[in-house]
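Below you'll find the structure, written out as structure tokens, and then a few comments.
2 protein chains.
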Amino acid sequence: MTDSPIRKALPDFRWERVETLRYKAEGSAPFRDVTRQVLFGGDAMRCEWRYFEVAPGGYSTLERHEHAHAVMILRGHGACLVGDRVHTVGERDLVAVPPLAWHQFRADPDAPLGFLCLVDTERDRPQLPGPDDLAALRRIPGVADFIRTGDETDG
Amino acid sequence: MTDSPIRKALPDFRWERVETLRYKAEGSAPFRDVTRQVLFGGDAMRCEWRYFEVAPGGYSTLERHEHAHAVMILRGHGACLVGDRVHTVGERDLVAVPPLAWHQFRADPDAPLGFLCLVDTERDRPQLPGPDDLAALRRIPGVADFIRTGDETDG
Numbered sequence: 021m022t023d024s025p026i027r028k029a030l031p032d033f034r035w036e037r038v039e040t041l042r043y044k045a046e047g048s049a050p051f052r053d054v055t056r057q058v059l060f061g062g063d064a065m066r067c068e069w070r071y072f073e074v075a076p077g078g079y080s081t082l083e084r085h086e087h088a089h090a091v092m093i094l095r096g097h098g099a100c101l102v103g104d105r106v107h108t109v110g111e112r113d114l115v116a117v118p119p120l121a122w123h124q125f126r127a128d129p130d131a132p133l134g135f136l137c138l139v140d141t142e143r144d145r146p147q148l149p150g151p152d153d154l155a156a157l158r159r160i161p162g163v164a165d166f167i168r169t170g171d172e173t174d175g
Numbered sequence: 021m022t023d024s025p026i027r028k029a030l031p032d033f034r035w036e037r038v039e040t041l042r043y044k045a046e047g048s049a050p051f052r053d054v055t056r057q058v059l060f061g062g063d064a065m066r067c068e069w070r071y072f073e074v075a076p077g078g079y080s081t082l083e084r085h086e087h088a089h090a091v092m093i094l095r096g097h098g099a100c101l102v103g104d105r106v107h108t109v110g111e112r113d114l115v116a117v118p119p120l121a122w123h124q125f126r127a128d129p130d131a132p133l134g135f136l137c138l139v140d141t142e143r144d145r146p147q148l149p150g151p152d153d154l155a156a157l158r159r160i161p162g163v164a165d166f167i168r169t170g171d172e173t174d175g
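Chains A and B, in that order, are what the protein sequence lines are.
The first sequence begins at 21 in this note's numbering and counts up by one.
The second sequence begins at 21 in this note's numbering and counts up by one.
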């Protein structure tokens with residue numbers, strides 16, 4: 021008997037036989053309170069389907085890359101930077117992150133932000149913003165206050 | 021101003037700027053009461069991300085193909101055949117349909133069955149079962165009563 025093709029949903033947005041992983045290696049890039057679960061990957065398809073969850077007040081890494089992201093919010097609410105604009109997002113909203121667009125997801129203070137995120141299996145590594153990139157982002161109204169780079173004083 | 025990267029969720033599992041399409045050409049294959057929405061596709065990634073919804077009592081086509089499906093139930097409940105077994109499925113359950121596994125989704129009589137389905141953009145065409153395939157499937161307890169091929173008398 022091989023593994024069942026079904027993995028049942030468990031409470032709290034977990035799944036049978038799906039491991040809850042750290043988002044990235046601690047210290048490799050700025051982020052706060054994010055978990056990662058790989059729902060589908062491996063050799064069967066050319067994409068990986070992941071579920072990320074940002075805890076209330078947390079944020080994903082501000083980054084960009086050549087590959088695109090296809091995202092659906094599955095749980096809670098928050099906001100995301102895509103390119104040069106910040107958007108509020110909630111359950112089932114779709115987010116398309118185009119190649120080389122700076123992006124960052126933040127959960128609202130009172131809710132998690134859980135989202136499905138699809139990427140090509142073969143993809144380039146994320147780029148972190150340099151000082152010039154950050155200066156440019158900080159000149160954009162609405163973006164300056166939104167982005168988190170790990171240098172903020174906790175308030 | 022280009023299109024916003026955000027497409028907000030609308031009531032009844034619709035989305036901004038996402039068209040509700042017919043599942044397949046009527047008469048091309050047996051199915052009942054299924055709609056299709058393409059959430060992400062095109063050149064940006066090597067996969068297509070679709071949302072299918074089977075109305076209460078409806079069913080998708082019994083078929084197989086070389087390409088795999090990665091599925092998450094998003095709405096309602098029902099059952100699915102994968103290979104030689106029928107499984108009940110509900111919200112957020114994951115279903116992996118391996119290459120060449122016969123599969124069919126059915127909504128329960130009292131609920132829709134809406135699911136996200138991921139496929140490679142480059143993929144083979146579905147195969148319908150021939151008489152020998154159907155005879156083999158009908159010899160499997162539990163499968164015989166489950167499958168719908170369009171030949172059933174409406175009860």
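Positions of the beta carbon are idealized from the N, C-alpha and C atoms, including for glycine.
For B:THR81 versus B:GLN124, is the C-beta distance shorter than 9 Å?
Locating residue 81 of chain B in the second sequence gives position 61, where the first residue counts as 1. Locating residue 124 of chain B in the second sequence gives position 104, where the first residue counts as 1. Yes, the pair counts as a contact, with Cβ atoms nearer than the cut-off.
Under 9 Å between C-beta atoms, does A:ARG27 make it to chain B?
As a first step, residue 27 of chain A must be located in the first sequence, where it is residue number 7. Yes, A:ARG27 lies at the interface with chain B (some Cβ there is under 9 Å from its Cβ).
Going along chain A, which residues have a C-beta under 7 Å from B:CYS67?
As a working note, residue 67 of chain B is residue 47 in the second sequence. What B:CYS67 touches in chain A: MET65, ARG66, CYS67 and LEU138.
What number of angstroms, rounded off, separates the C-alpha of A:VAL115 from the C-alpha of B:ILE160?
Along the first sequence, one-based indexing puts residue 115 of chain A at 95. Along the second sequence, one-based indexing puts residue 160 of chain B at 140. Each residue's Cα considered, the two are about 43 Å apart.
Would you say A:LEU148 faces chain B, with C-beta separation under 9 Å as the test?
Position 128 of the first sequence holds residue 148 of chain A. By this cut-off, A:LEU148 is not an interface position.
Are the C-beta atoms of A:GLY110 and some chain B residue less than 9 Å apart?
Translated into the one-based positions of the first sequence, residue 110 of chain A becomes position 90. True, the Cβ-Cβ gap to chain B drops below 9 Å.
On a CA-only basis, which of B:TRP122, B:ARG52 and B:GLY110 is nearest B:LEU148? Give me that one, please.
The residue you call residue 148 of chain B lines up with position 128 of the second sequence. Closest by alpha carbon: B:TRP122.
Identify which residue in B:GLY47, B:GLY78 and B:LEU157 has its Cα closest to the Cα of B:GLY134.
Start at 1 with the first residue of the second sequence, and residue 134 of chain B comes out as number 114. When each option's Cα is compared against that of B:GLY134, the closest is B:GLY78.
Measure the alpha-carbon distance for A:ALA88 versus B:MET65 and round it to whole angstroms.
In the first sequence, residue 88 of chain A corresponds to position 68, counting from 1. In the second sequence, residue 65 of chain B corresponds to position 45, counting from 1. Straight-line Cα distance between these residues: approximately 7 Å.
Who are the near neighbours of B:ARG27 in its chain, counting only those whose CB is closer than 7 Å to its CB and skipping five residues on each side?
Translated into positions along the second sequence, residue 27 of chain B becomes position 7. These residues qualify, in order along the chain: TRP35, GLU36, ARG37 and VAL38.
When the Cα atoms are used, what is the spatial distance from B:ASP63 to B:VAL91?
Within the second sequence, residue 63 of chain B is the residue found at index 43, counting from 1. Within the second sequence, residue 91 of chain B is the residue found at index 71, counting from 1. Cα to Cα, the separation comes out at about 21 Å.
Short of 6 Å in beta carbon distance, which residues of its chain neighbour B:ASP177, apart from the five on each side in sequence? Order them along the chain.
Any property of residue 177 of chain B remains undetermined from this structure, which presents chain B solely from 21 to 175.
Am I right that A:ASP128 and A:GLY98 are in contact with their C-beta atoms under 8 Å? What's the rounded C-beta distance?
Numbered from its first residue, the first sequence carries residue 128 of chain A at position 108. Numbered from its first residue, the first sequence carries residue 98 of chain A at position 78. Contact holds; Cβ gap of about 5 Å.
Using only CA atoms, which one of A:ARG143, A:VAL109, A:LEU138 and A:ASP104 lies nearest to A:THR155?
Along the first sequence, one-based indexing puts residue 155 of chain A at 135. Correcting the residue identity first, residue 155 of chain A is Ala in this sequence and not Thr. For A:ALA155, the nearest C-alpha among the options comes from A:ASP104.
Do you know whose CA, among A:ALA45, A:PRO50 and A:LEU41, lies nearest A:GLU172's CA?
Within the first sequence, residue 172 of chain A is the residue found at index 152, counting from 1. Selected option, being the one with the closest Cα: A:PRO50.
Within 9 Å of any Cβ in chain A, is that where the Cβ of B:TRP178 sits?
The displayed coordinates of chain B run from 21 to 175. Any statement about residue 178 of chain B would go beyond what the structure contains.
Taking the alpha-carbon of B:PHE72 as reference, which of B:THR141, B:CYS137 and B:LEU30 has the nearest alpha-carbon?
If you number the second sequence from 1, residue 72 of chain B lands on position 52. For B:PHE72, the nearest C-alpha among the options comes from B:CYS137.
With a threshold of 9 Å between beta-carbons, can A:PRO161 be considered close to chain B, or not?
One-based indexing of the first sequence puts residue 161 of chain A at position 141. Closer than 9 Å: no.
What span of residues does the alpha helix (DSSP H) with A:ARG158 cover, start to end?
The residue given as residue 158 of chain A occupies position 138 in the first sequence. 151 to 158 is the span of the alpha helix (DSSP H), which, as asked, contains A:ARG158.
Just to confirm, is the Cβ distance from B:PRO132 to B:ARG84 under 9 Å?
Your numbering for residue 132 of chain B matches position 112 in the second sequence. Your numbering for residue 84 of chain B matches position 64 in the second sequence. The answer is no: Cβ separation not under 9 Å.
Mind listing which residues of the stretch 50 to 62 of chain A have their C-beta closer than 7 Å to chain B's C-betas, in chain order?
Those residues of the stretch 50 to 62 of chain A that come within reach of chain B (Cβ to Cβ, closer than 7 Å) are LEU59 and PHE60.
Which residues bound the beta strand (DSSP E) around B:ASP53?
For the purposes of this step, residue 53 of chain B is identified with residue 33 of the second sequence, where counting begins at 1. Looking at the DSSP string, the run of the beta strand (DSSP E) that includes B:ASP53 is 52 to 60.
Could you name each continuous beta strand (DSSP E) segment of 3 residues or more that falls completely within the stretch 24 to 92 of chain A, going from the start of the chain to the end?
Here the runs fully enclosed are 52 to 60 and 67 to 79.
In or out: A:LEU41 buried (at least 16 other Cβ within 10 Å) or exposed?
The residue labelled residue 41 of chain A in the question sits at position 21 within the first sequence. Exposed: under 16 other Cβ atoms inside 10 Å.
Bridge partners of A:ALA99, per DSSP?
Position 79 of the first sequence, counted from the start, is the residue given in the question as residue 99 of chain A. Beta-bridge pairing links A:ALA99 to A:THR108 and A:ARG126.
Going along the chain, which residues of its own chain have a beta-carbon closer than 7 Å to the beta-carbon of A:VAL109, five neighbours each way excluded?
Translated into positions along the first sequence, residue 109 of chain A becomes position 89. Excluding sequence neighbours, A:VAL109 sits near ILE93, HIS97, GLY98, ALA99, CYS100 and VAL115.
By Cβ distance below 8 Å, which residues in the same chain neighbour B:ARG158 in space, the five residues on each side in sequence not counted?
The count along the second sequence starts at 1 and reaches residue 158 of chain B at position 138. Correct list, in chain order: ALA164 and ILE167.
Exposed or buried, B:ARG10, counting other C-beta atoms within 10 Å across all chains shown (16 or more means buried)?
The structure shown does not extend to residue 10 of chain B, since chain B is modelled only from 21 through 175, so no value can be given for it.
Per DSSP, what kind of secondary structure is A:VAL139 in: helix, strand or coil?
On the first sequence, residue 139 of chain A is found 119 positions in, with the first residue counted as 1. Of the three classes helix, strand and coil, the one that applies to A:VAL139 here is strand, per DSSP.
Classify A:GLY162: buried if its beta carbon has 16 or more other beta carbons within 10 angstroms, exposed otherwise.
In the first sequence, the residue the question calls residue 162 of chain A occupies position 142. Exposed: under 16 other Cβ atoms inside 10 Å.
Who are A:LEU133's beta bridge partners in DSSP?
In the first sequence, residue 133 of chain A corresponds to position 113, counting from 1. A:LEU133 is bridged to A:VAL74 and A:GLY96.
B:LEU114 by DSSP, collapsed to three states: which one?
By 1-based counting over the second sequence, the position of residue 114 of chain B is 94. Reduced to three states, the DSSP call for B:LEU114 is strand.
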